[in-house]
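J.: Handing you a structure now.
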Amino acid sequence: MITRQELRQLAQFESPGGCAISFYFQPQTPQDKSHRDEAILVKDLVRETLKRTEHNGNHQAIREDLERILTAAESLHGNHSRGKAIFVCGEKDVWRELDLPPRVGRSQLIVNSRFHLKPLVAAFAEAPRACIALVDREKARIFELQGEILTPKPELEFGRMPHVGKSDGFEGYEGGHRERYVENEVMNRFKQFAESIQLLMNRDKFEILLIGCRDEAWPEIEPHLSSAIRQKLAGRFLVDPGLASGVEVHQSATRILEKNRGSEQLDLIREVLGQAARNGRGAVGLRHVLTALERQEVQVLLVARDFQAEAVECRNCGHFDTRMVKSCVVCGQATRELSDVSDALVDLALRNGAEIQFVLSDPDLEKAGRIGALLRFRADQNTAEKVAV
Ligand SMILES: [Zn+2]
1 MITRQELRQL AQFESPGGCA ISFYFQPQTP QDKSHRDEAI LVKDLVRETL
51 KRTEHNGNHQ AIREDLERIL TAAESLHGNH SRGKAIFVCG EKDVWRELDL
101 PPRVGRSQLI VNSRFHLKPL VAAFAEAPRA CIALVDREKA RIFELQGEIL
151 TPKPELEFGR MPHVGKSDGF EGYEGGHRER YVENEVMNRF KQFAESIQLL
201 MNRDKFEILL IGCRDEAWPE IEPHLSSAIR QKLAGRFLVD PGLASGVEVH
251 QSATRILEKN RGSEQLDLIR EVLGQAARNG RGAVGLRHVL TALERQEVQV
301 LLVARDFQAE AVECRNCGHF DTRMVKSCVV CGQATRELSD VSDALVDLAL
351 RNGAEIQFVL SDPDLEKAGR IGALLRFRAD QNTAEKVAV
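Shown next, in the form of structure tokens:
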């Protein structure tokens, strides 16, 4: 798991010697490949990468890092269902190893002056960290969900419900008393749950909460949730909290998250297109989005998942240009061609502190150039005046 802060640090990292290595491991499905094949694949990747970097001055340092990656990859056998990312730069003593949801695309190894973060961001962008609580009167089973990975956490125990005798006593007096006692006890427990889950969400920095419970329990639980927790509550699903399997929990939660994500993204696309059309806080098309990123204006970057485009990057000042010019329009120095600018876009967005959303398909965003951004402000406009209008 990775926090926004850590991601930003990785994006800000630079290796002047070009020794930043990014390694992505995509597990094969067990039925079509053996573990051995994966080991061979990683060895091949390392060998090819070494060949490509032989002319590089820091070849020796890179070789040592690649050997470390190879050793780490060999130990992935038992960890078959998860993807892996390793970011390493021996020159600056950086080694960061992360588990990923299993769909990282393909295994790859890239040596560059920056880390290659797009697959990492893509893997997590679709997978916000969610806390799932399955609640009944006696306990709450807690899970963490990120992408495909569901991890059980320590349960919140409220103790067994106290035994209450069956006799109604004289003329039903005891019966009414008993019911009130049970009602009170249940209320206290759900109140305790609401307080504990708020502490847990804050402590472990969860962005989203999902609650699974029986239908009849929900009206007893809901009133105790604070407004802060309600804001993070993405949905509720029907489940038997004591018996539900991990697979069942995963499916129910994923269904809710995907539905929510789809409608949120649609709203965001409409907002960006609307803002761009009235020359407000929106940018569409690669050229405008690149300019906004360079001016640090971007709040949310929206990009088609398979977006690809050529561009040039200045070797001196790092300015990007969508026209394939030989020299930089800012400083006049030589540029280098990028066959795909989308990695650079993601890095820039991370360094901006922007949120990144990958869009599966949207006809309006397609027409607008498959890329857009919601802006915090517009550097070329007087923002105060803009707000006042
Ligand atoms: Zn330049």
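1 is the number of the first residue of the sequence shown in the working numbering; add one for each residue after it.
Just so it is clear, CB atoms sit at the ideal spot from N, CA and C, and this is done for glycine as well.
All of these numbers come straight from a predicted model, not from anything done at the bench.
(1) Which residues in the same chain have their Cβ closer than 7 Å to the Cβ of alanine 11, if we skip the five residues on either side of it in sequence?
(2) Sorted by chain position, which residues of the same chain lie with C-beta nearer than 7 Å to aspartate 364's C-beta, five sequence neighbours on each side aside?
(3) Ligand 1: which residues have Cβ under 6 Å from any of its heavy atoms, chain order?
(4) Tell me the residue span of the alpha helix (DSSP H) that contains glycine 246.
(5) Inspect the CB distances between the region 121 to 141 and the region 249 to 258 and report whether three or more fall short of 8 Å.
(6) Hey, would you say glutamine 186 sits closer than 7 Å to arginine 137, going by beta carbons?
(7) In three-state DSSP terms, what is lysine 43?
(8) Check this for me: beta carbons of alanine 368 and valine 289, under 7 Å apart or not?
(9) Which of helix, strand or coil does DSSP assign to leucine 225?
(10) Compute the beta-carbon to beta-carbon distance between threonine 53 and isoleucine 62, rounded to the nearest angstrom, for a pair I have assumed lies under 8 Å.
(11) Tell me the DSSP bridge mates of valine 284?
(12) Under 6 Å Cβ to Cβ from phenylalanine 396, same chain only, skipping five residues before and after it: list those, please.
(13) Cα separation between leucine 210 and isoleucine 229?
(14) Mapping DSSP to helix, strand and coil, what is valine 389?
(15) Taking only the alpha-carbon atoms, compute the straight-line gap between threonine 291 and glutamine 60 and give it to the nearest angstrom.
(16) Note the first and the last residue of the continuous alpha helix (DSSP H) segment covering glutamine 9.
(17) Whole angstroms are fine: how far does the CA of glutamate 264 sit from the CA of arginine 281?
(18) Quick one: is arginine 189 buried, meaning 16 or more other Cβ sit within 10 Å of its Cβ, or exposed?
(19) Please work out which residues of its chain come closer than 7 Å, Cβ to Cβ, to glutamate 155, disregarding the five sequence neighbours upstream and downstream, and give them in chain order.
(20) Determine the contact status of alanine 234 and asparagine 202, defining contact as a CB-CB distance below 7 Å.
(21) Along the chain, where does the beta strand (DSSP E) that runs through alanine 311 open and close?
(22) Is it buried or exposed, methionine 302, if we count other Cβ atoms within 10 angstroms and call 16 or more buried?
(23) Taking the alpha carbon of arginine 278 as the point to measure from, which residue in Ser196, Pro219, Cys317 and Gln381 has its own alpha carbon closest?
(24) If you draw a straight line from the alpha carbon of arginine 376 to that of threonine 322, how long is it in whole angstroms?
(25) Expressed to the nearest angstrom, what Euclidean distance is found between the alpha-carbon atoms of serine 113 and cysteine 89?
(26) Using C-beta distances below 8 Å, list every residue in its chain close to valine 387, excluding the 5 sequence neighbours before and after it, in chain order.
(27) Would you decide whether arginine 336 is buried or exposed? Buried here means 16 or more other CB atoms lie within 10 Å of its CB.
(28) Taking the C-alpha atoms as reference points, what is the distance between cysteine 314 and alanine 334?
(29) Could you name the residues of the same chain whose beta carbon sits closer than 7 Å to that of leucine 50, not counting the 5 residues immediately before and after it, in chain order?
(30) For aspartate 99, which of helix, strand or coil comes out of DSSP?
T.: So, from the data block:
(1) Leu117, Asp347, Leu350 and Arg351
(2) In its chain, beyond the 5 residues on either side, Ile269 and Leu273 have a beta carbon closer than 7 Å to the beta carbon of aspartate 364.
(3) The filter returns Cys314, Asn316, Cys317, His319, Cys328, Val330, Cys331 and Gln333, in chain order.
(4) 246 to 277
(5) yes
(6) The displayed chain sequence assigns valine, not glutamine, to residue 186. Yes, they are a contact pair.
(7) helix
(8) no
(9) coil
(10) 5 Å
(11) Gly372
(12) Absent from the structure is residue 396, since the part of the chain shown begins at 1 and ends at 389.
(13) 10 Å
(14) Because valine 389 sits at a pLDDT of 40, beneath the cut-off of 50, its placement in the model cannot be relied upon, and the following sentence gives the value as read from the coordinates. Coil at valine 389, not helix or strand.
(15) 38 Å
(16) 4 to 12
(17) Distance from the CA atom of arginine 281 to the CA atom of glutamate 264, rounded to whole angstroms, is 18 Å.
(18) buried
(19) Lys139, Ala140, Arg141 and Ile142
(20) no
(21) 311 to 314
(22) Just to set this straight, residue 302 is leucine in the shown sequence, not methionine. Classification for leucine 302: buried.
(23) Gln381
(24) 23 Å
(25) Straight-line spacing of the CA atoms in serine 113 and cysteine 89 works out to 10 Å.
(26) Its pLDDT being 48, under 50, valine 387 is placed unreliably by the model, and the measurement read from it follows with that caveat. Closer than 8 Å at the Cβ level, and outside the excluded window around valine 387, lies no residue.
(27) exposed
(28) Straight-line Cα distance between these residues: approximately 6 Å.
(29) Arg63 and Leu66
(30) strand
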